[in-house]
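All remarks here apply to the structure that follows.
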Amino acid sequence: MKKLLITRVLPAPVVEAARARFDVTLRDTAAGLTEAEATAALLTYDAILPTLGDSFTVAAFAAAGAPRARILGNFGVGYNHIDAKAARAVGVAVSNTPGVLTDATADLGMALLLAAARRVGEGERILRGGGWHGWTPTQMLGTHVTGKTVGIVGMGRIGQAVARRCHFGFDMGVVYYNRSDKAVGFPARRIETLEGLMGAADFVVVCVPGGAETRHLIDAKALAAMKPTGIFVNIARGDVVDETALTEALAKRQFAGAGLDVYEREPLVPEALMALENVVLLPHLGSATMDTRIAMGMRALENIIAWDEGRAPPHLVN
Ligand code: NAP
Ligand code: GLV
């Protein structure tokens, strides 16, 4: 049996399915693999099922030299924690789990959009803190959602799923900023510049992959283009946004509010961000439903099993 390292505890059916085929080592901690641990894993196991937070960097591959591992079957669609090019250079295949988490992540994007617009976190804190003294017509007025315009940054699977929910569920106009044109089954207008998109939308939802190409794509300049009534949502990766610039913009109430699922240095969330009332903060819950996490695990295994059987992993990224 080949040796498989699973770097976090996964739902039981996935672990059972993995144990039926492989000699499994299961890491029972929330902390990701450090670079040194990633190197050690590359030298020790035939296959690895990693996830976000594990540091499979250029340096980790360089230190491993000629690794024993032949595949990283990533749990998750985003793989910016793996240098896929460095992996390929030493003959390590990298795969991901696209599609199965699209709906769950888009649903969470809508939860953040609605929560930030209607001040849900703030309201709950007031109520639980004993600060609610009765209904009044002017209490906690939020931002109207239905009929407004959503701007999607990154119109891929998740971006389109958010746009679809906004169009069909909330009668919203859709504009998007993306590398290429997208043909979707509902009206959606591509805007050529990021600032143009940020200024045209009432709600901006970020759905691009993380990594060097998109690092700080949303900077102070892009944020300055938002409408004063705008709401900003990030369900992509923390480092797509300049977190310091975002915190400053929210503190100055440059726009109405934000909803965030991801952060630049997870699990660290800056105190300055946590001190603000006009931002809803979630601990990277995008794909966190049991159905989705089982589907992701099975998809990651499907890739590793294909490699084990000498077939091409169906969701290879390098
Ligand atoms: P996807 O289908 O590959 O979509 C990514 C989209 O971003 C594509 O349309 C792509 O354009 C566009 N894009 C890439 N680089 C760009 C750039 N520099 N400028 C403008 N557009 C760019 O991926 P997905 O399945 O929707 O997932 C997107 C990301 O969401 C993942 O990579 C992951 O980081 C994140 N995510 C987060 C959670 C969570 O828990 N919060 C869960 C799942 C995923 P083209 O089509 O032209 O290539
Ligand atoms: C989660 O963030 C993923 O990329 O799947």
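Numbering (our numbering), first residue to last: 146 to 463. Here a beta-carbon is modelled for each residue, glycine too, at the ideal position from N, C-alpha and C.
Residues near residue i by beta carbon distance below 6 Å, same chain, minus five either side
{"i": "residue 168", "result": "146 and 148"}
{"i": "residue 420", "result": "none"}
{"i": "residue 303", "result": "247, 250, 251 and 352"}
{"i": "residue 309", "result": "none"}
{"i": "residue 431", "result": "250, 253, 380 and 406"}
{"i": "residue 312", "result": "319 and 331"}
Assumed close pair residue i, residue j - CB separation to whole angstroms, cut-off 8 Å
{"i": "residue 214", "j": "residue 191", "result": "6 Å"}
{"i": "residue 221", "j": "residue 242", "result": "6 Å"}
{"i": "residue 178", "j": "residue 158", "result": "Incorrect: roughly 24 Å between the Cβ atoms, too far for contact."}
{"i": "residue 229", "j": "residue 463", "result": "4 Å"}
{"i": "residue 316", "j": "residue 291", "result": "6 Å"}
The ligand GLV heavy atom lying under 8 Å from the CB of residue i
{"i": "residue 259", "result": "no"}
{"i": "residue 221", "result": "yes"}
{"i": "residue 246", "result": "yes"}
{"i": "residue 240", "result": "no"}
{"i": "residue 325", "result": "no"}
{"i": "residue 413", "result": "no"}
{"i": "residue 250", "result": "yes"}
Contacting residues, own chain, Cβ-Cβ under 8 Å from residue i (five flanking each side not counted)
{"i": "residue 121", "result": "Residue 121 is absent from the structure shown; the chain starts at 146 and stops at 463."}
{"i": "residue 461", "result": "238, 239, 240 and 448"}
{"i": "residue 320", "result": "294, 295, 296, 297, 333, 334, 335, 336, 342, 345 and 346"}
Where residue i falls: helix, strand or coil (DSSP)
{"i": "residue 178", "result": "coil"}
{"i": "residue 184", "result": "helix"}
{"i": "residue 168", "result": "strand"}
{"i": "residue 149", "result": "strand"}
{"i": "residue 379", "result": "strand"}
{"i": "residue 338", "result": "coil"}
{"i": "residue 287", "result": "coil"}
{"i": "residue 365", "result": "helix"}
{"i": "residue 160", "result": "helix"}
{"i": "residue 192", "result": "strand"}
{"i": "residue 218", "result": "strand"}
{"i": "residue 430", "result": "coil"}
{"i": "residue 331", "result": "coil"}
{"i": "residue 296", "result": "strand"}
Proximity test, residue i beta-carbon vs the ligand NAP heavy atom, cut-off 8 Å
{"i": "residue 103", "result": "This structure leaves residue 103 out entirely; the chain is present only between 146 and 463."}
{"i": "residue 230", "result": "no"}
{"i": "residue 147", "result": "no"}
{"i": "residue 302", "result": "yes"}
{"i": "residue 200", "result": "no"}
{"i": "residue 217", "result": "no"}
{"i": "residue 358", "result": "yes"}
{"i": "residue 353", "result": "yes"}
{"i": "residue 243", "result": "yes"}
{"i": "residue 253", "result": "yes"}
{"i": "residue 460", "result": "no"}
{"i": "residue 225", "result": "yes"}
Beta-carbon contacts of residue i that lie in its chain and below 7 Å, excluding the five residues immediately before and after
{"i": "residue 387", "result": "361, 363, 364 and 365"}
{"i": "residue 288", "result": "262, 374, 376 and 401"}
{"i": "residue 370", "result": "340, 343 and 344"}
{"i": "residue 409", "result": "383, 384 and 388"}
{"i": "residue 171", "result": "151, 154 and 160"}
{"i": "residue 217", "result": "193, 195, 201, 227, 232, 237 and 239"}
(request) Write down every uninterrupted run of the beta strand (DSSP E) in the segment 222-279 whose length is 3 residues or greater and which is fully enclosed by it, in chain order. (result) 238-240
Scan the segment 374-428 and note each continuous beta strand (DSSP E) run of 3 residues or more that stays entirely inside, going in chain order. 376-379, 402-405 and 424-426
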